[in-house]
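Notes to accompany the following structure.
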Amino acid sequence: MIEGITEPGKTVLWKNFFSFPAFSIAIDGYVKGPTRYNQVGPRLNLNHHEGVDRLSTRSTSGQMLMYIKQGLFKRFNEKGTPKAIIYRNDCDQDVSLTYWLAKNNERISHTKSEPLINRLVFAEDALDTTAGAYPLSLDSDLMRDVAWIFDPYTSVIRKVPSMNATEMDNVIDSIGARIDKYTLGKGEKLEPDARLEMLYSGVGWAMISETGFYARSKLLNSGTFAFITYRGESNGGHRYSLGKMSPFIDFPLQDLYKHYNEIEGISLEDTDKWGGGDTTGGSPRIRGSKMPAAQLASVTEQFIKNHRD
Amino acid sequence: MEIMQRVNQAYSSLPLPYKEARNMALACSLEPLSEKPGCVTRNFDVNRNTLEMFISGGVNIFPAFFRLTEFLLQSNNPNGMYKFLHMAILLSKMNRKGGQINQGILEFSLPIVAAHVLYDPQSIHDGEYVLNKASEVLISTGPEDFKELWLAKNAGMEITQHGRGKGYHLEDHAVCSVLDYYKLEYEAEQDRKRNATGLMHNKQFIKGFEDIIQTHDALKNAKGKFSHRTAEAYNIIMSKPQNLGVGPGLIADFVAVSIYLELAYAKDREFIE
């Protein structure tokens, strides 16, 4: 029996996960840190958020597919029946697909294979690994399938941070029901909502305000591979996300975080500061930024110019 | 005679009012063309304001600066010149939609153009010299000038409201000169501690146009195409930590005034490319 337990926003450490019941599987950030397996229990953490190189690590659903193929449920098994308690703290695409794969493990185990499932996992793996920055045409059948399947999540994304466990379970179940239909060839198609407002177009980067979930895909498909998204103002601070398609794009995120912190007078020891990884990051989580969008764009453009000169 | 000599001779022979008005109109028309974040540009409209509105507004003010220069050449004294600010603000709106989009440019440039006309009409010195002299010009304004400034500011607000923009509060003061008005406004902004843009606007008049001098320096030192230079000057000033929260329109105003100074001291240089 495959069971799901949702605890919104909760994260635990791997060492503390040993106190969880046998056959526990933490997915997509519920347990902090990279993927790990312990045969005592057994217990498993599937993750790609911390302590990994994102581009060379599969998404959680990509890992789940691979693990099922490699015999995951021969060990997570009680009296011949697959058994797992899957712990999750979110209801996004990767979580929902991972859970669906676990629930439907017998359809894809060993040499059994379904092209539509492989196709969906490929798309989700590519998009999640790159935070939506994998170049898939928004007009393609694949993206229109993806948009429809995950619409129960993308259409409520702004409410997700305040959702309780039941609400998240409803999203996961709705996506699961759509994957069921899709894999039977009865899925529908939806135009990916890629609406965005261009706030500034720099040399090789842009500042946008996203309305549609697939706005970044549209921007990247247009040939702009680095971006700042303006997420508005709250609690007196401006909120931004920064990103680029891959480490190979010349948009020096780490240097930019440092520069922004200097301009705003935020010390490097401060925990609430500009920061992030080498492909994604953002403004201070609590205080936000003092810089309005036009100012941040100016600061960035001038920094990039000096950096390239 | 070579063609460029004839071009320069044609310009040199123009009476000063034509040159000053042309330099202001051209500066106001060139400023919005470059890509400056947060501003109306070739590629971006902002708050329903368009490039066409800015270019129209720039050309529309030509007669006001023509008349200002004539007035100064006759009177040799800035006292009474603020009626031309009022005139410029009214004319700026002619035949175009939108609110009062060039209020700041006009407020800054009036004493600066006056200083050029009164102290360096042959452009022997440089932009910084004129900006320093502009502070002296403000000292020489009288109560009538404040009255005209007040009318001009109110006209600007009415134009903004007519253009469906937000209204804003204007503080009346009993003062004897334009400079005194800006001093009181600056002190009031310091007390309010909430409007970085208003503070910086008023600071220019009482602190020797120091941020405009910096913008002008940045423009002079920037390299490349003219639009790239104006964008770089804008970005440099916007990036200064002390300018956090200052509105983009104000820095664009500084750029416009800097372009005017470039034109006033360009002589026969071809720098618009």
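Top line first, the protein sequences correspond to chains A and B.
For what it's worth, the working numbering labels the leading residue of the first sequence as 1, then goes sequentially.
For what it's worth, the working numbering labels the leading residue of the second sequence as 1001, then goes sequentially.
The C-beta atom is built at its ideal place from N, Cα and C for all residues, glycine as well.
For the set 1191(B), 1012(B), 1100(B), 1222(B), the Cα lying nearest the Cα of residue 1049(B) is the one of 1100(B).
From the listed residues 245(A), 22(A), 283(A), the smallest Cα separation to residue 262(A) is found for 283(A).
At a cut-off of 8 Å, the C-beta of residue 1236(B) has a neighbouring C-beta in chain A. Put simply, the segment 1060-1070 of chain B does not touch the segment 1148-1161 of chain B. Fewer than three CB pairs are less than 8 Å apart. Residue 254(A) counts as exposed, since fewer than 16 other beta carbons sit within 10 angstroms of its beta carbon. Spanning the alpha carbons of residue 103(A) and residue 153(A) requires a straight line of approximately 19 Å. If you draw a straight line from the Cα of residue 67(A) to the Cα of residue 1042(B), it is about 54 Å long. In the DSSP annotation of this structure, the continuous segment of the alpha helix (DSSP H) that includes residue 1156(B) starts and ends at 1143-1162. Residue 1216(B): not part of any beta strand (DSSP E); member of the alpha helix (DSSP H) spanning 1210-1221, first to last residue.
Between residue 1067(B) and residue 1113(B), the alpha-carbon positions lie close to 12 Å from each other. In the structure shown, residue 280(A) falls within a strand segment according to DSSP collapsed to helix, strand and coil.
The contact set of residue 1075(B) on chain A, defined by CB atoms closer than 9 Å, is empty, because the minimum CB distance reaches about 41 Å.
Of all residues in the segment 254-281 of chain A, only 262, 263, 264, 265 come within less than 8 Å of chain B when Cβ atoms are compared, listed by chain position. Exposed is the label assigned to residue 1014(B), since fewer than 16 other Cβ atoms lie within 10 Å of its Cβ. A straight line joining the alpha-carbon of residue 1132(B) with that of residue 1208(B) spans about 6 Å. Residues of chain B whose Cβ lies closer than 7 Å to the Cβ of residue 217(A) do not exist, since the nearest Cβ in that chain is about 22 Å away. Note that the segment 168-183 of chain A does not touch the segment 257-273 of chain A; fewer than 3 beta-carbon pairs, one per stretch, sit closer than 8 Å. Ranked by how close their Cα comes to the Cα of residue 243(A), the residues 142(A), 291(A), 215(A) have 215(A) in first place. Annotation for residue 1273(B): 1225, 1226 place their beta carbon closer than 8 Å to its own, counting only its chain and skipping 5 residues before and after. Comparing C-alpha distances from residue 1012(B) to each of 1123(B), 1088(B), 1157(B) shows the shortest one belongs to 1123(B). Proximity of residue 21(A) to chain B, defined by a Cβ-Cβ separation below 8 Å, is not satisfied. One finds 1244, 1245 in chain B with Cβ atoms closer than 8 Å to the Cβ of residue 290(A), taken in chain order. Annotation: Cβ neighbours of residue 1038(B) in chain A (cutoff 9 Å, chain order): 199, 200, 292, 293, 294, 295, 297, 298. Nearest C-alpha to residue 1117(B) among 1074(B), 1096(B), 1148(B): 1074(B). Only residues of its own chain outside the window of five on either side were considered, and among them 1130, 1133, 1134, 1137 have a CB closer than 6 Å to the CB of residue 1115(B), listed in chain order.
With a 10 Å radius around the Cβ and a threshold of 16 neighbouring Cβ atoms, residue 184(A) comes out exposed. For the segment 1040-1072 of chain B, the set of residues with a beta-carbon nearer than 8 Å to any beta-carbon of chain A comprises 1043, 1044, in chain order. A check of alpha carbon separations from residue 1144(B) across 1186(B), 1081(B), 1213(B) identifies 1081(B) as the nearest. Linking residue 1248(B) to residue 1238(B) through their CA atoms gives a straight-line distance of about 8 Å. Considering only beta carbons, no part of the segment 25-39 of chain A lies closer than 7 Å to chain B. Around residue 1232(B), the beta-carbon contacts reaching into chain A at under 9 Å are 301, 302, 305. For residue 64(A), the enclosing alpha helix (DSSP H) starts and ends at 60-69. Within a 10 Å sphere around the beta-carbon of residue 1246(B) sit 16 or more other beta-carbons, which makes this residue buried. The C-alpha of residue 88(A) is placed about 17 Å away from the C-alpha of residue 15(A). With fewer than 16 other Cβ atoms inside 10 Å of its own Cβ, residue 236(A) counts as exposed. As for any beta strand (DSSP E) of minimum length 3 sitting wholly inside the segment 178-210 of chain A, the runs are 196-201, 206-210, ordered along the chain.
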